[in-house]
Amino acid sequence: MSRITLDPITRIEGHLRIDVEANGGKVTNAWSSAQMWRGIEVILKGRAPEDAWSFVQRFCGVCTTVHAISSIRAVEHALNVEVPVNAQYIRNIMIAQHSVQDHIVHFYHLSALDWVDIVSALKADPKKTAQIAQSISDWPGNSEKEFKAVQDKLKAFVAGGKLGIFASGYWGHPAMKLSPEVNLMAVAHYLKALDYQRKASQATAILGGKNPHIQNLVVGGVATAINTENIATLNMERLIYLRTLMEETRDFVQKVYYPDLLAIAGAYKDWFKYGAGVTNYMAVPEFPEDSKNSKFSLPGGVVMAGNIAGIRPVKDHRDEYLIKNIKENVTHAWYEGNGTLHPWEGETKPDYTDFKENGKYSWCKAPTLDGKPVQVGPPAQIMAAYAAGNPKVKKLVDGAVSTLGLSMKDIHSTMGRLYCRGARAHIMADIALENLDKLIANIATGDQSYANHTEIPKGEYRGVGFHEAPRGTLSHWIVIKDKKIENYQAVVPSTWNAAPRNDKGELGPYEASLVGNPIADSSKPLEVLRTIHSFDPCIACAVHTVDPEGKEITKVKVL
Amino acid sequence: MQVLIYGAGNLILSDEGFGVHFVRHMEETYRIPENVELYDGGTLGIMVHFKFEEADRVILVDVVQAEGEPGDIFRYEREDIMLKNIPVKMSPHQIGLQEMLLISEMRDAPKPDLTFFGIVAGSLEPGDQLTPPLQAGLEKVAQLVIEELDKVGIQIERK
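For the record, the sequence lines run as chains A and B. Counting from 1, one number per residue, gives the positions in the first sequence under the numbering used here. Counting from 560, one number per residue, gives the positions in the second sequence under the numbering used here.
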């Protein structure tokens, strides 16, 4: 038996430690430990509820927009505020573009190097690479010349010893299986992808006023003034520029990212068998289409024990089952006691004990739905949309299942998670444009309203803001008392997925997903990274101090 | 010449937010010419590569974990960062600064001059205020940045 500690896991936001026990080349037990405390809830107490959305964007560097959206929805839910449809469309575009950006970065920059061997690309024949790329996509950037140029560049970097900077790459690992040609294609697109994630963030910034950290939310709508005649507001020229950016990112996602993903998934079909973990899933509906938040373009649902056919739909954000049954347990988390509390009663009282594998070992609480651990993220949303018969999701998933020779059950896996993220990006790129069309059509009817001005009343109010974020279901829970925040708790996607064991000793999703995974070389636990990265971990705290003293800051310890 | 002054950090972990506080301090205290952009980058990591690719000169401000007292200021140039035996990273977890600069080189993007001012943090506890030595550091780093800009013919005046 060997014990492997990866601390911290690289290529994520936040500080995550993973411990696994391996026996006979397989993982037999695992612990997930969030190594940073997020104290935002404490900072928010006593502040103005209408400002919370601005503070919570600093939870993290990457998921800024999502926290703003959840927070504003929490206040609107508490006070039962309607949101003009123009504001819903503007928020929807920002949400969808943020998702597109997030998924592009996750696929290429945060997870591709678990599957793509950069050094192997040196041996590729660029002509063959071009043939492969052109056979799966009509994207104009896939010429032999482009691939040759990237390869020449790579050769120069390898010769100069500079590739060592990619410290977390496991070149030449026995679990790397792509042909040199496919590796070259992926590396070239890895470099190109940066241009398109940027276009997606520009689109978000046009509407949000700033990115990161959008500035245009108000309780009851947005502060994006609409006047098609005025150059200082959201006008036709801005809307047309938005469309250009969004069409370019859509083409990249649908003609580069998605085909690359299928090519990589096809070469690693065994990874549809590993990494399922917890097969209870939850997704909330997203993209409200009316001012009352009663109609949504993507459905949500709850799946228990992997039973997709038995999915329980979640129709809107007032779903009583979710609101009543989402709780957090702290038996194995560094907080006082071992209780289970509803987020409105949630406490943030730290009680650090060092890493005790049978006691408290993480800053992450263990959220539960109806007492059970739950996995959140793109698989949940894709399953919910598929079960509800969403035509676009059905077409994509059925196409992939048949191309790769899979069944729906294979979604419960490491590669299934990566696949669903790509399918979600594909859908998000279209949804952003659909909402832009709706916005333009609605403005054309003469409706230029963008906010219902809302004063915070006296008295006590409770609200929850649900949002289906790129990493999964996010919820912000607020208690307002006499115009001030009395209590605030965020149950973020990575809290669900990175959860430690709960009060019944059930493993959290990361932990459960590692058990049974192969480990080819315990000094290079690439397989652990593959599975953990497939969740797109984001530990929602984002400390990132620079350490110039040459200290080893990432370690893999094998005991 | 297009100059980017990039403040990195997490605003809700006291001194961790120094770079962002710095950007705000500059905005409030000085008249900033049009060709100098103050950018609150939060903790974006690789997603911000394009800001670095667009500028002719980048001045990055962030906290560092270095030997010294809170408020001590260190200065690094591009070569210090790119030497792979000095693992200067914007994060041990995210994609680091070195890696980001290398990716830009691989993309054939222009290489801006880069100076990094790092300040030693006193506290990383939750909170939206700087500790006194870091608060005092705002103006010290501002003077260093102003000197830096002066060398390339850009004068910054107090409001």
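For glycine and all other residues, C-beta sits at the position ideal for the given N, C-alpha and C.
I want to see whether chain A comes within less than 7 angstroms of residue i, judged by CB atoms only; does it?
i: GLY601 (chain B); result: yes
i: MET659 (chain B); result: no
i: MET665 (chain B); result: yes
i: PRO592 (chain B); result: no
i: PHE676 (chain B); result: no
i: ILE571 (chain B); result: yes
i: PRO671 (chain B); result: no
i: PHE556 (chain B); result: This structure cannot speak to residue 556 (chain B), because chain B is shown only from 560 to 718.
i: PHE611 (chain B); result: no
i: PRO629 (chain B); result: no
i: HIS608 (chain B); result: yes
i: PRO685 (chain B); result: yes
What does the alpha-carbon distance come out to for the pair residue i and residue j?
i: VAL566 (chain A); j: GLU357 (chain A); result: What the structure shows of chain A is the stretch from 1 to 559, and residue 566 (chain A) is not part of that stretch, so it cannot be assessed.
i: ILE539 (chain B); j: PRO671 (chain B); result: Chain B is shown only over 560 to 718; residue 539 (chain B) falls outside these bounds and no answer can be derived.
i: PRO299 (chain A); j: TYR386 (chain A); result: 9 angstroms
i: GLY601 (chain B); j: GLY310 (chain A); result: 42 angstroms
i: ILE662 (chain B); j: GLU434 (chain A); result: 34 angstroms
i: GLN375 (chain A); j: MET282 (chain A); result: 7 angstroms
i: PHE570 (chain B); j: HIS533 (chain A); result: Here residue 570 (chain B) turns out to be Leu, not Phe, going by the sequence shown. Straight-line Cα distance between these residues: approximately 26 angstroms.
i: PRO373 (chain A); j: PRO367 (chain A); result: 7 angstroms
i: GLY389 (chain A); j: GLN35 (chain A); result: 41 angstroms
i: SER513 (chain A); j: GLY686 (chain B); result: 35 angstroms
Please report the residue range of the beta strand (DSSP E) in which residue i lies.
i: ASN23 (chain A); result: 16-23
i: ALA469 (chain A); result: 460-469
i: HIS476 (chain A); result: 472-481
i: LEU619 (chain B); result: 616-623
i: ASP709 (chain B); result: Per DSSP, ASP709 (chain B) belongs to no beta strand (DSSP E); it is in the alpha helix (DSSP H), 691-710.
i: ASP7 (chain A); result: 2-7
At what residues does the alpha helix (DSSP H) containing residue i begin and finish?
i: ASN86 (chain A); result: 85-104
i: PRO313 (chain A); result: It is not in any alpha helix (DSSP H) - PRO313 (chain A) instead sits in the beta strand (DSSP E) that spans 312-314.
i: HIS77 (chain A); result: 64-79
i: PRO629 (chain B); result: PRO629 (chain B) -> no alpha helix (DSSP H), and no H or E assigned at all.
i: LYS255 (chain A); result: Where LYS255 (chain A) is concerned, there is no enclosing alpha helix (DSSP H), given that its DSSP letter is neither H nor E.
i: GLU612 (chain B); result: 608-613
i: MET428 (chain A); result: 414-444
i: MET185 (chain A); result: 180-208
i: PHE107 (chain A); result: Unbroken run through PHE107 (chain A): none, as it is neither H nor E.
i: PRO391 (chain A); result: 391-404
i: TRP53 (chain A); result: 52-56
i: ILE796 (chain B); result: The shown model of chain B, from 560 to 718, leaves out residue 796 (chain B), and the question about it has no answer.
i: PHE355 (chain A); result: No alpha helix (DSSP H) contains PHE355 (chain A), which DSSP labels as neither H nor E.
i: TYR510 (chain A); result: 509-514
i: ILE323 (chain A); result: 320-325
Between residue i and chain B, is the shortest Cβ-Cβ distance under 7 angstroms, so that the two count as touching?
i: PRO212 (chain A); result: yes
i: LYS409 (chain A); result: no
i: LYS155 (chain A); result: no
i: ARG198 (chain A); result: yes
i: ILE480 (chain A); result: no
i: ARG421 (chain A); result: no
i: GLU42 (chain A); result: It should be pointed out that residue 42 (chain A) corresponds to Val in this sequence rather than to Glu. Yes, because at least one Cβ of chain B sits closer than 7 angstroms to the Cβ of VAL42 (chain A).
i: ARG462 (chain A); result: no
i: ARG238 (chain A); result: no
i: ARG58 (chain A); result: yes
Within the same chain, show all residues whose beta-carbon is closer than 7 angstroms to that of residue i, passing over the 5 residues directly before and after it, in chain order.
i: GLU50 (chain A); result: VAL75, VAL219, ILE456
i: LEU44 (chain A); result: ALA52, PHE55, ILE485, TYR488
i: ASN23 (chain A); result: MET1
i: LYS524 (chain A); result: TYR170, HIS173
i: VAL116 (chain A); result: LEU178, ASN183, ALA186, VAL187
Once you ignore the five residues that flank residue i on each side, which residues in its own chain have a CB closer than 8 angstroms to its CB?
i: ILE132 (chain A); result: GLU181, VAL182, MET185, ALA263
i: VAL562 (chain B); result: ASN594, VAL595, GLU596, ALA614, ASP615, ARG616, VAL617, ILE618, LEU708, VAL711, ILE713
i: LEU16 (chain A); result: PRO8, ILE9, SER32, SER33, ALA34, GLN35, ALA498, ILE532, PRO537, ILE539
Residue i touches chain D at which residues, Cβ-Cβ below 7 angstroms?
i: ILE632 (chain B); result: Included in the structure are the protein chains A and B, with no chain D among them.
Between residue i and the rest of its own chain, which residues show a CB-CB distance below 6 angstroms, the 5 nearest in sequence each way excluded?
i: THR554 (chain A); result: Note that THR554 (chain A) has pLDDT 40, beneath the 50 cutoff, so the model's placement of it is unreliable and no number is given.
i: ALA203 (chain A); result: GLN97, LEU242, LEU245, MET246
i: CYS420 (chain A); result: PRO378, PRO379, ILE382
i: ALA276 (chain A); result: HIS412, SER413
Inset, instruction - Could you tell me whether the segment 92-112 of chain A touches the segment 141-161 of chain A, using the rule of 3 or more Cβ pairs below 8 angstroms? - result: no
Inset, instruction - Pair every Cβ in the segment 225-244 of chain A with every Cβ in the segment 170-178 of chain A, then say whether three or more of these pairs are closer than 8 angstroms. - result: no
Inset, instruction - Evaluate contact between the segment 333-350 of chain A and the segment 489-502 of chain A, counting only Cβ atoms and requiring at least three cross-stretch pairs below 8 angstroms. - result: yes
Inset, instruction - Could you say if the segment 432-448 of chain A and the segment 245-261 of chain A meet the contact criterion of at least three C-beta pairs nearer than 8 angstroms? - result: yes
Legend entry - Cβ contact check for the segment 212-230 of chain A and the segment 87-97 of chain A: 3 or more pairs under 8 angstroms: yes
Inset, instruction - Would you check if there are 3 or more beta carbon pairs closer than 8 angstroms linking the segment 680-698 of chain B to the segment 567-584 of chain B? - result: yes
Legend entry - Three or more C-beta pairs below 8 angstroms linking the segment 454-472 of chain A and the segment 436-445 of chain A: no
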